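All residue numbers for the sequence shown refer to my numbering, where the first residue is 54 and numbers rise by one. All C-beta atoms in this analysis are idealised placements derived from N, C-alpha and C, irrespective of residue type, glycine included. From a predicted model like this one, the values you see are computed outputs, not experimental measurements.
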Amino acid sequence: MRATIRLLQSCRITLFTRENCGLCVQAKSVLSDVWDKRPFAFKEIDIVKPESKSWRDLYDFDVPVIHISKTQNPEEDPKLSSKAIKLMHRFTPEEVEAKMDAAERS
54 MRATIRLLQS CRITLFTREN CGLCVQAKSV LSDVWDKRPF AFKEIDIVKP
104 ESKSWRDLYD FDVPVIHISK TQNPEEDPKL SSKAIKLMHR FTPEEVEAKM
154 DAAERS
């Protein structure tokens, strides 16, 4: 019996981004490299969209930002962002995987 890809996705990564963001393009490339070795559930939030105003208020000058959590945890909440496992601006695949390890242990 083989585990499905969904069962292997123990982490969820939420990327907070905006259009025309060079660092965001780099962040997506890093996340793609991590995905190739270690699949995860993924959600992208464009902080410029009206429905993302609360996230824009938090991260307007900080994108890209990623939050890493267990897939079974509730969706991201701006009120709880200070407790999130996160990386900002520039990060490597190794840093992302280390944060994934921390999320899985939490």
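- One Cα belongs to E150, the other to R143, and the distance between them is close to 14 angstroms.
- For A155, the enclosing alpha helix (DSSP H) stretches over residues 146-158.
- As a beta-bridge residue in DSSP terms, D99 pairs with T70.
- The Cβ neighbour count for V78, taken over all protein chains shown within 10 Å, is under 16; the residue is labelled exposed.
- L76 and V116 have their C-alpha atoms roughly 8 angstroms apart.
- Under the 8 angstroms Cβ criterion, the stretch 126-133 does not count as touching the stretch 81-92, having fewer than three qualifying pairs.
- Within the same chain, C64, I121, S122, K123, I138 come within 7 angstroms of A156 by CB-CB distance, once the 5 residues on both sides are set aside.
- Going by DSSP, L84 is part of no beta strand (DSSP E) but of the alpha helix (DSSP H) stretching over 75-90.
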